[in-house]
Amino acid sequence: MSIYISGIGVSKGIAIGEAFVIAREQLDANQTILTPAEIPAEIKRFQAALKQAKQQLHDVKEKIAKDTACDIVAFIDTHLLMLEDPAFNEGTIAQIKQHSCNAEWALHLQGERLVQVFDEMEDPYLRTRKDDVLHVVKRIHACLVGKEQSNDGHLYKGKIIIADDLAPADTIMMQHQKVAGFITEFGGPLSHTAILARNLGIPAIVGLHHARQLIHRNDTLVVDGFSGVVINSPDKKSLKYYRGVRRDEIAKRSLLNSLSGQPAVTLDKKQITLHGNIDRPRDIRSIKKYDDTGVGLYRTEMLFIERNEWPDQKTQLKAYKRAIKALDGKPLTIRTMDLGADKEIQDTIDHGPMAHNPAMGLRAIRRCLKEPQDFMPQLLAILRASAFGPIRIMIPMLTNTGEIDQVLTLIEEAKEILRQKKTAFDEKIQIGAMIEVPAAALAVDAFARKLDFLSIGTNDLIQYTLAIDRIDDEVNYLYNPLHPSVLKLIHMIIEGGKRANIPVSMCGEMASDTQYTRLLLGMGLEYFSVQANALLEVKHIIVNSTMKNLQKEAKQIMQLHDDNEIKSRVQQLVNLL
Ligand code: PEP
Ligand code: MG
C-alpha cells in the first residue's frame, strides 16, 4: 500500500529510488571526574581529537570538485573556522579544568553553551547556524571516542537518504557518490541540507517528522521536491506519472541550461536586462553558475550583520573590490546598508529606546543620514571600488526628495575627500533609488529628476502599501503582489522612469517569480534583477514572449479590481508558453 507523507520541499525536482536510512548518532557523553594529575593528558587527548577532526574536513575539501559552488566550500570552511575558534578549543579546555572532567563531558557543556548563544539570535538564518555547532561537536566527539564518521559513499549511489539531520561534510560526500535525494526529519528552508541540496541540484524534503519510523531501508520512494511529498511504495500508476514528470524536468533543465550566456531578448526583439541579486561577494559564484551576468542588487548589510559591528572603510573596500573583480567587467549595483526592522546588529551605539514599529522606524537611509559618520566610510569604500569596474550606488527606503539631496551632498563630500587625496574613483558613478515606499512611488517624477536610475523593491513596497508586516505569518495571507494598488504603483514607477528617460529595474522577489514575468513585461519593465536560481527560468519566459502583445493584456489586467480575476488573467498569460 502506498503511503503519502509530507514535509517541506526545499530543493525542486523528482527523485525515485530506494531508501537508505541513516541511524541517529547518539552522543553519549557521561561525566567522569579526573584527578588533577590526569587533567594535562585529557587536554592533550582533546587537542588530538581536534586535530583529527580538522584533518577529516580538509580531506573532504580535497575531494570536492574544483568547480563546486563557493557556498558549498564555505560550509566546510565555517566548520574549519569553528574548530580553530577559541570558543571551541580554549572554551572546552577551560571546562575540563573547571569541572575536572573528561573531554567528552567538557565538549558537551561547551556545545550547549554555544548553542544557547545561537538560539537567542533574532536573525532566522544565524539561528539555524546552531546546527554548525552541533555538527562540529559531533565530529570532535566521534574522534574522541575513536569512531570514524562514515563516508562509505559507494553505498549511497542512486539512493534516497533518510536522516534526522545531515552534516554538510556528509551531504557533500554523499553527493559525490551520486545520491538521488535527501529527506531529513528536522530543518527548514534555511537548514544546511536545504541550502546544499539546492546548490547541488538534488531533490530534498526537510522537516518530515518521524520519517525514520515510516520509511525503512530499501523501501521504494518517490521524492517530490516541488510539493514536499514523499510516496512510500508507490503503485504502478504513480510511478509512471512521476517518471514522466522527472523526464520533463530533466528536459526542461537542459533547455534552460542552453539559455545560459544567451541574450534576454523578446520575440519582438526587445532587449531586456537580466541581472542577479547577491548578499555577499561570494554569491557571484552562484550567479555565474547559471549565467554570465551582472548584479542588480548587492545587499551590503550582510557585511554588517555577520560581524555584528560596523566594518571600517578598508574592510568594506575589500568586499566591494572582490565583488567587482569577480564580475569581470559586468555591472555591479551596490545598495547602501539597509539595517533596521528585521535586519539588526547589536552594536554598542545607543540608538535610543527600541522602536515599537521598527519597519517604519529608523531603518536604511534614515539611519545612515542620522549617523553620517558611519555612512561616510561606506560611501568612500564604494567610490574607491568604482575605480575597478562599473559600479552604481543604490539608496534604500528613500521617502522624500530632501533625503535625496542629503545623500547627494554626502556623496559629493566623499568624492571631494578622494579628489584631495588623489585617490581614483568613477567621477560619473550612477546614483539611484530603491522605490519601496508608496510615497516615493507617488512622487516618482520628482525622484527621477534627481537620480540616474530607479529600482522597485517590491518586498517592501507591498508591505507598506498593504500595511502588512512582511515577516508576520499571521498576515501573510494578505501579501499579494497582484493587488490592484500594488500594480498601479509599479506601473507608475515604470512610467515615471520612462518620462525621465532613466532605467527602472525591479529587484524585489516579484521579479524572480516567473508567474509575474509576462505581466511585468507587459507593464513595460525592461530590467529584472533576480535570485541566481531564477535567472534562466525568467530568461526562458522573456525569450518566449512578445512585448507588444503583452502590453495589451497588461493594460486590461490593470483595469480589473477583483483579486481572483486578476490572478486568473495573469495565470492565462503564463499558460501562453
Ligand atoms: C525589497 O524591498 O524588495 C528589496 C529588494 O529589499 P529587501 O528585501 O532587502 O528589503
Ligand atoms: Mg527593501
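The number in the working numbering is simply the position in the sequence shown, starting from 1, with 1 added.
By construction, the Cβ of each residue, glycine as well, lies at the ideal position given by its N, Cα and C atoms.
Cross-strand partners of residue i (DSSP beta bridge)
i, result
"L275", "F529"
"R433", "The question names Arg, yet the displayed sequence has Gly at residue 433. The partner list for G433 (beta bridge, DSSP) reads M395, F454."
"F21", "I162"
"A16", "V224"
"N233", "I4, L222"
"G10", "I206"
"T185", "A164"
"V266", "Q272"
"C102", "I34"
Simplified DSSP assignment, three categories, for residue i
i, result
"I558", "helix"
"S259", "coil"
"T316", "helix"
"S239", "helix"
"Y517", "helix"
"E566", "helix"
"F426", "coil"
"M524", "coil"
"V505", "strand"
"R281", "coil"
"G403", "helix"
"L298", "strand"
"L51", "helix"
"L1", "Absent from the model: residue 1. The displayed extent of the chain is 2 to 578, so no value can be given."
"I34", "strand"
"I469", "coil"
"A88", "coil"
"M122", "coil"
"V137", "helix"
"N358", "coil"
"T349", "At T349, the pLDDT of 47 sits below 50, so the modelled position is not reliable; the number obtained from the coordinates is stated separately. In the structure shown, T349 sits in coil (DSSP, three-state: anything other than H, G, I, E or B)."
"P373", "helix"
"L483", "coil"
"I216", "coil"
"S287", "helix"
"K179", "coil"
"E250", "helix"
"R114", "helix"
"P378", "helix"
"P190", "coil"
"L363", "coil"
"N545", "coil"
Cβ separation of residue i and residue j, assumed to be a contact under 8 Å, to the nearest whole Å
i, j, result
"T402", "F448", "7 Å"
"Y528", "V505", "7 Å"
"S546", "T267", "5 Å"
"S3", "V230", "Incorrect: roughly 11 Å between the Cβ atoms, too far for contact."
"I20", "L167", "Sequence inspection shows Ala at residue 20; the Ile mentioned does not correspond to that position. In fact, because the Cβ distance is near 15 Å, the residues do not count as touching under 8 Å."
"A501", "D461", "Wrong, their Cβ atoms sit about 22 Å apart, outside the cutoff."
"D293", "A533", "Wrong, their Cβ atoms sit about 12 Å apart, outside the cutoff."
"P482", "M511", "5 Å"
"R391", "A324", "In the sequence on display, residue 391 carries Pro and not Arg. At roughly 12 Å, the Cβ-Cβ gap does not stay under 8 Å, so P391 and A324 are not in contact."
Nearest residue (CA-CA) to residue i, options the options
i, options, result
"Y243", "L257, G226, S259", "G226"
"K429", "R385, S456, D470, V74", "R385"
"H492", "T334, K451, A501, A555", "A555"
"A95", "Q552, L363, I279, Q111", "Q111"
"S456", "P312, L145, T334", "T334"
"I15", "F119, T459, C369, V246", "V246"
"K241", "K322, H210, I17", "I17"
"I495", "G433, P485, G525", "G525"
"K158", "H142, V180, V146", "V180"
"K290", "L298, T301, L328, R308", "L328"
"K160", "M559, M83, H217", "H217"
"K451", "S255, I469, Q407", "Q407"
"A441", "T459, F426, T424", "T459"
"P41", "L81, L82, Q99, N31", "Q99"
"V296", "E302, L256, R286", "R286"
"E43", "E105, Q57, I77", "E105"
"R368", "D236, I383, E404", "E404"
"S387", "M361, A365, I366, A320", "A320"
"I279", "I162, Q214, S513", "S513"
is_contact[residue i, chain C] using C-beta, thresh 7 Å
i, result
"A468", "The structure shown contains no chain C, having only a single protein chain."
Self-check item: For the ligand PEP, residues whose Cβ lies under 7 Å from any non-hydrogen atom
Solution: After applying the 7 Å Cβ criterion, the set is L298, R300, D339, P397, M435, E437, G458, T459, N460, D461, L462, C508, G509, E510.
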